[in-house]
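A.B. asks: Here it is, the structure, as structure tokens.
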Amino acid sequence: MASSSSLFLLAALLALASWQAIAFDPSPLQDFCVADMSSPVRVNGFVCKDPMAVNSDDFFNPAMLDQPRDTMNKVGSNVTNINVDNFPGLNTLGISLARIDYAPLGVNPPHIHPRATELLTVLEGTLYLGFVTSNPNRLFSKVVKKGDVFVFPKAMIHFQMNLAHDKPAAALSSLNSQNPGVITVASAVFGSKPPISDDLLAKAFQVEKKLIDWLQSQFWENNY
Ligand code: MN
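Right under this line is the structure:
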């Protein structure tokens with residue numbers, strides 16, 4: 015007869031297994047399911063367009079990802095996302111793409127993709143990049159150059175910076191979700207609407223409340 019502690023362990027393992035099963039985009043159950051963006055039906059993802067109405071252009075996006083993007087903003091970077099929102103053919107395929115452009119010394123600030131691992135290839139320039147693990151927060155970082163590849167495991171806080179003072183840099187990332195999502199740490203903590211209590215944040219960050227108020231009064235720009 016199973017002891018109560020082994021039953022508890024079994025229940026915990028089952029809970030973990032079912033959580034793992036929904037942690038990634040589910041596998042497709044047909045060749046394709048081009049998103050019907052005009053359907054009012056709410057499902058996990060998007061409902062399928064009539065397969066007979068699908069044509070080659072549904073699997074094509076003239077994204078011009080070979081072209082540099084404007085990086086004139088506070089953080090000096092620009093992320094161009096190619097995901098199910100602007101490419102309905104990606105629906106149910108569990109994949110998306112992003113081009114990241116960096117101004118000289120530009121930063122892609124610490125952020126999380128709640129639904130995807132990110133595989134980054136440096137197209138141009140030299141980047142300092144890395145990610146931080148779950149508590150107790152080990153940092154894995156590296157300086158990478160054109161042609162190098164680095165992986166940010168799913169849901170880890172990660173970042174990049176162009177180390178060059180005088181020239182731009184660029185990277186291309188593939189992500190294993192049709193809709194990876196982005197949580198930018200600074201804007202999530204200090205720029206939420208409505209704001210998180212400044213009493214709470216002052217205690218959490220162990221700083222004066224007026225510093226929190228100053229941070230909360232800043233404009234937290236999204237770089238995508
Ligand atoms: Mn990222």
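The opening residue of the sequence shown carries number 15 in my numbering; numbering runs sequentially from there. The C-beta atom is built at its ideal place from N, Cα and C for all residues, glycine as well.
When DSSP builds the beta bridges, which residues end up paired with residue 144?
C.D. replies: Answer is 155, 173, bridged to residue 144.
A.B. asks: Just checking my contact of residue 139 with residue 183 at CB under 8 Å: how many whole Å lie between their CB atoms?
C.D. replies: 3 Å between Cβ atoms; contact.
A.B. asks: Quick check: is any heavy atom of ligand 1 less than 6 Å from the C-beta of residue 132?
C.D. replies: Checking every heavy atom of ligand 1 against the Cβ of residue 132, one is found closer than 6 Å.
A.B. asks: What did DSSP end up calling residue 60 once you bin it into helix, strand or coil?
C.D. replies: Note: residue 60 maps to coil in three-state DSSP.
A.B. asks: Which first and last residues belong to the beta strand (DSSP E) in which residue 79 is found?
C.D. replies: Counting along the chain, residue 79 falls outside any beta strand (DSSP E), and DSSP gives it neither H nor E.
A.B. asks: Taking the beta strand (DSSP E) that residue 187 falls in, what are its first and last residues?
C.D. replies: Start and end: 183 to 189.
A.B. asks: State the DSSP-derived secondary structure class of residue 49, mapped to helix, strand or coil.
C.D. replies: Of the three classes helix, strand and coil, the one that applies to residue 49 here is strand, per DSSP.
A.B. asks: Could you have a look at residue 202 and say whether DSSP puts it in helix, strand or coil?
C.D. replies: If DSSP states are grouped into helix, strand and coil, residue 202 belongs with the helices.
A.B. asks: Give me the residue from 238, 211, 236, 154 with the minimum Cα distance to residue 227.
C.D. replies: Cα-wise, what sits closest to residue 227 is 211.
A.B. asks: Do you know offhand how far residue 129's Cα is from residue 193's?
C.D. replies: Roughly 7 Å between the two C-alpha positions.
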